[in-house]
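See below for the structure under consideration.
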Amino acid sequence: MRCLAPRPAGSYLSEPQGSTQCATMELGPLEGSSYLELLNSNADPLHLYHLHDPMDLAGEEETELHSEPDTDTINCDQFSRLLHYEGDEETRETYASIAELDQYVFQDSQLEDPNKDIFKHIGPDEVSESMETPAEVGQKKSQKRPFPEELPADLKHWKPAEPPAVVTGSFLVGPVSDSSTLPCLLPPALFNQEPASGQTHLEETYQMPMPSSSSSLSCLNLPEGPVQFIPTLSTLPQGFWQISGPGTGVSSIFIYHSEVPQASQSPSPSGPTVHGLPTSPDRPGSTSPFAPSATDLPSMPEPALTSRANVTEHKTSPTQCQAAGEGANKLPKWPESVEQFCRLLQDTYQTEPAGPDGILVEVDLVRAKLERSSSKSLERELATPDWAERQLVHGGLTEVLLAARERRRPRETQVIAVLGKAGQGKSCWAGAVSRAWACGRLPQYDFVFSVPCHCLNRPGDAYRLQDLLFSLGPRPLVADDEVFSHILKRPDRVLFILDAFEELETQEGFLHSTCGPAPAEPCSLRGLLAGLFQRKLLRGCTLLLTTRPRGRLTQSLSKADALFELSGFSMEQAQAYVMRYFECSGKTEHQDRALALLRDRPFLLSHGHSPTLCQAVCQLSEALLELGEDAELPSTLTGLYVGLLGPAAHDGPPGALAELAKLAWELGRRHQSALREDHFPSADVRTWAVAKGLVRHPPGATASELAFCSFLLQCFLGATWLALSCEIKDKELPQYLALTPRKKRPYDNWLEGVPRFLAGLIFQPPTRCLGALVGPSAAALADRKQKVLAKYLKRLQPGTLRARQLLELLHCAHEAEEAGIWRHVVQELPTRLSFLGTRLTPPDAHVLGKALEAAGQDFSLDLRSTGIDPSGLGSLVGLSCVTRFRAALSDTVALWESLRQHGETKLLQAAEEKFTIEPFKAKSLKDVEDLGKLVQTQRTRSSSEDTAGELPAVRDLKKLEFALGPVSGPRAFPKLVRILMAFSSLQHLDLDALSENKIGDEGVSQLSATFPQLKSLETLNLSQNSITDVGACKLAEALPSLAASLLRLSLYNNCICDVGAESLARVLPDMVSLRVMDVQYNKFTAAGAQQLAASLRKCPHVETLAMWTPTIPFSVQEHLQQQDSRISLR
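Heads up: the sequence shown begins at 27 in this note's numbering, then just goes up one per residue.
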């Protein structure tokens, strides 16, 4: 919709020279910033509206109107957004001043000549002859402020000489005739709905019959106060609506709702001829000459200009701008240089990866979130959801890029982070995003720039934004100033990808560095990146990051609008990858045999969730199957990479592998994986490494840019250097296992695969490990290091290690394949193992299960908040040495259902018998719902004929805590009450929470009804639940049901007054088992206290009655305590 208004007096805009000439406008800086300066300036308030237009007009179809010499247009949504703009306080005050200035100038300019009517060629009687005749209701005059010399003697009878014109599909703001000539009819569709909060209520109206010859107009009379503009009401009947009243801030507004006439349709002979307004230059999609040119707003996105869709505007007049064609008006093409640059960028990203990297198997993306690492720490780490809680991204790439749109404010940069462990395929996924755009599958972006973060580790402070976009990537791009200016005008159409964010140096402080929206002077790359993260530079773009979740997870990612995680391959996807690999290599005859080799090695199969390891397994399987039918895969990761690198090392120059290993270690210490040609000690080593596929050119990189083929290969080479190097002292070697980090100068475990590979290279027999890589003579150097590490590992006490370190120790012992070390580790395992909050991957579950079986003792496992997959949970639960386990309720119930469907009765029975939830604490609504599902499972199980008895998890629950807080607590408590009766052994019910559950009297009433079934309840804590006398009386009536079992009752910090205290006093003698009662911090007075004290004297079994409260005089409390020492005032 459009808003039209008469030209204000004193406008600085030039008059249009006819309807066939496009109106132009020069935008300059505003004269002054204060209200008074704005008032005395020549600035047009309508110009201010367009300066802050966040709307995307490119997708609208709007009617082109005739431009009379005195007619300008503004956008009604601009006007509405300006009046209701929400931002910081300073911004709101500024816009309020602008709005007041507009009202002052707007009214004066309209009333300068009340007899002047720019729409005099259109009469109200010419509007429509087919509309129904509405009824007339009350009348109300427009509130105007005319000049004194123009006022008639009788103000009540003054009105403008001409009625207003009406234009199809638009808002018209202008002088309005007396409303007595306009019948008022309120649209029934509008008032059949209840007014929403914050909306203006319209006045009640009455209908009156009108002659059929009257013009069909309708009026809404508004009271004083703000008016909410409704741009579209699809249910309104055809007609005109006049909105008038002192609260509107303008004289009146006409709304005409009808179908927009097509260009091919001829106007009705009886209706007015509607001519097209000239299109504003450099702003397609807007008919306003006030619309600023795109070149005038370098730092503001212009959605209307950047849409590449074929958007048309209907023309209804033969008199138009010469630039506008008859019929549809398409958006202008980009400048030739911009088009060429876009094609060049598309060609850069369209290249498909060759070789094994071209085998793409779609992996699942999971929505992720961050949480504090501890209650005392401000650092945030990736949260570990339960398997059933994972939120899979079913919409693929589109859903990822649109994930944060709801939270995104207009012209705000959107930051999206995709996390994943090393080898999960983050870089491949980032490349797929670029190719998707190059192939036209991301039309919401005009430009995509993908930059690996290792390219940004450059010193100096002479960089500009152009360098970051065009020059610093793996393949420099050629772009002139016209291209860069075009990008600056459309930042919301730019997608900027930072791949491998963990390789970026000096990440800390991005959110606190100083950087303006467009640095005038060159600065460092750190400053440019800080401007992006602070949403000042290229504001409005989409910033997509890929990074590893561990290690250097900075504050920058904690401010991301959306977080996702690559979950890796499932078992089925891993097997599909193996089949695709041999299909692409043309050796389909090896597919089945390769799968059989992988299934024979459960440990390697558990690593199938990593695409990188899947590729390595396929490469080694291919080489082994070429040698003969007796092929066999190794049982460790160390053996896997020795098998891959052994043949390559024998074919290389002398010492080439050791030199490459040293280079890998040095780069890893600097958190880098990319290298240049001059990093190699010799050209022969570089040629050999490239020929054997140990290093390669990244996609789109120059000839001098190289990188290790995988992060795990770099870790293996780094461990090889530690095993062979004489530069590393023997006493320093244990620190690189990262099992017991030092407080002073701790080892930065960026190469996180090094500890496992180091243990394997040191302890595995040299003939099939180090000797196969560097020869027997060089491998002999590792003997002394083996003794040092063995002594260190055997001195470790696994029971003192944290869960993550314990798992790492198990992996190191497994890779070592040394019987003494493995026996020491498994025999020292504690019988109660808790992995609460520690993520368990499939390899972790496999190694843990192997260790538990070898230990020869019974274990109790806590697997809550580990994200363990169903197959891993089932394998651990099925072990005979695991007698009890705790896991997420949702995951456990899903496991039972899966076992029941597959007919695994024995394993199902074991899983049900071993599961426990003691003690259980409900901290969310989901916890209560999961507990309900458990109870429902028991009821279903009890009703079946093949099973009998209660579930041990339900039968043996003794302590239940409910801590949902004041918002979720009252909503979730009724659900908890409905299942409480199932827990027949419940002894401790704690409904107290630091944030207060506030179950209230209604909750107490519901709880009291369950007391007859809770025969074993010993402790009832109802503290801080907003219980009044009503709830206390209900509780007192039901307490005798617990007389034989209840030992402790707490009503601390509620709202119980004297009536409630008296009811509790009456029931106190009946509670023969009660020992402690706490009614402190309530509202009863001395009268209630005396009632309780008198009742206490009849209860010799009660040991303590705590009843200090500020509403009782202290002297009274002391007197009562002197009479009975069991009364506690603490």
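All C-beta atoms in this analysis are idealised placements derived from N, C-alpha and C, irrespective of residue type, glycine included.
Starting from T424, trace the alpha helix (DSSP H) in both directions and tell me its first and last residue.
G422 to L427
Rounded separation between E1144 and A913 - CA only:
51 Å
C-alpha gap between G451 and L1015, whole angstroms:
48 Å
May I ask you to report which of helix, strand or coil DSSP gives V1063?
For the record, residue 1063 in the displayed sequence is Glu; it is not Val. The answer is helix: DSSP assigns E1063 an H, G or I state.
Would you mind stating whether A1019 and G991 have Cβ atoms separated by less than 8 Å?
yes
Given that a residue counts as buried once 16 or more other Cβ atoms are within 10 Å of its Cβ, and exposed if not, what is K359?
exposed
With distances taken between CB atoms, is the gap from A1158 to L1090 smaller than 8 Å?
No information on residue 1158 is available, as it lies outside the stretch 27 to 1156 that the chain covers here.
With a threshold of 8 Å between beta carbons, is L784 in contact with chain D?
Structure shown: chain D not included; a single protein chain is present.
To the nearest whole angstrom, what separates the beta carbons of S476 and S460, a pair I think is in contact under 8 Å?
5 Å
Please return the same chain residues whose Cβ sits closer than 6 Å to the Cβ of R107, not counting the five positions on each side in sequence.
Caution is warranted here: a pLDDT of 47 is assigned to R107, below 50, making its placement in the model unreliable, and the coordinate value is therefore given only provisionally. If we look at R107 and ignore the five residues flanking it on each side, it has no Cβ neighbours.
Three-way DSSP call (helix, strand, coil) for Y1078 in this model:
coil
Leaving aside the five residues before and after G634 along the sequence, list all residues of the same chain whose C-beta is less than 7 Å from its C-beta, in chain order.
F595, M597, A600 and C640
With three or more C-beta pairs closer than 8 Å as the rule, is the region 410-422 touching the region 600-613?
In short, these stretches do not touch, since the Cβ pair count stays below three.
Would a C-beta distance cut-off of 8 Å place E938 and L1002 closer than the cut-off?
no
Kindly confirm or deny that the region 516-523 and the region 750-763 touch, where touching means at least three C-beta pairs closer than 8 Å.
In short, these stretches do not touch, since the Cβ pair count stays below three.
Counting Cβ pairs closer than 8 Å, one from the region 681-691 and one from the region 655-666, do we hit at least three?
no
Report all residues from its chain with a CB closer than 7 Å to the CB of G665; omit the five preceding and five following residues, and keep chain order.
none
Looking at the structure shown, is A49 part of a helix, part of a strand, or coil, going by DSSP?
Unreliable positioning characterises A49 in this predicted model, as indicated by a pLDDT of 37, which lies under 50. The coordinate reading is nonetheless provided below. DSSP places A49 in the coil class of the three-state scheme, outside both helix and strand.
To the nearest angstrom, how far is it from the Cα of G898 to the Cα of G825?
The alpha-carbon atoms of G898 and G825 are separated by roughly 23 Å.
Strictly by DSSP, which residues pair up with R574?
For R574, which the question treats as bridged, DSSP gives no partner whatsoever.
Alpha helix (DSSP H) containing H512: first to last residue?
D507 to K515
Can you give me the Cβ contacts of D1093 inside the same chain, cut-off strictly under 6 Å, excluding the 5 residues immediately before and after it?
Looking at the sequence itself, residue 1093 is Val, so the reference to Asp does not match. The residues are A1062 and L1065.
One question on the structure: do Q843 and F783 come within less than 8 Å of each other, judged by their Cβ atoms?
It should be noted that the sequence gives Glu, not Gln, for residue 843. Not closer than 8 Å, so no.
Give, in chain order, every unbroken run of the alpha helix (DSSP H) that is at least 4 residues long and sits entirely within the region 942-1015.
951-969, 978-981 and 991-1006
Beta-carbon separation of G449 and T573 under 8 Å?
no
Reduced DSSP secondary structure (H/G/I, E/B, other) of Q1050
coil
Report the start-end ranges of each beta strand (DSSP E) in the region 1105-1143 that is 3 residues or longer and not cut off at the edges.
1130-1132
Tell me where the alpha helix (DSSP H) around R695 begins and ends.
A682 to R695 is the extent of the alpha helix (DSSP H) around R695.
Got a sec, what are the start and stop residues for the alpha helix (DSSP H) S897 sits in?
P896 to V903
Hey, N483 and E528: beta-carbon distance below 8 Å or not?
no
Taking the alpha-carbon positions, what's the I1153 to L855 distance?
49 Å
How many Å lie between K613 and S736 at the Cα?
Going by the C-alpha atoms only, they are around 24 Å apart.
For C567, which three-state DSSP category applies?
Looking at C567 - three-state DSSP - the assignment turns out to be coil, as it is neither helix nor strand.
To test your reading of the DSSP string, which unbroken alpha helix (DSSP H) runs of 4 or more residues are found completely within the region 836-878?
For the region 836-878, the full-length alpha helix (DSSP H) segments reaching 4 residues or more read 845-853 along the chain.
Go ahead and label T931 buried or exposed: buried means 16 or more other beta carbons lie within 10 angstroms of its beta carbon, across all protein chains shown.
Exposed is the call here.
Ignoring anything shorter than 4 residues, give me the alpha helix (DSSP H) runs that lie fully in the region 755-826, in order along the chain.
780-789, 796-800, 802-805 and 809-821
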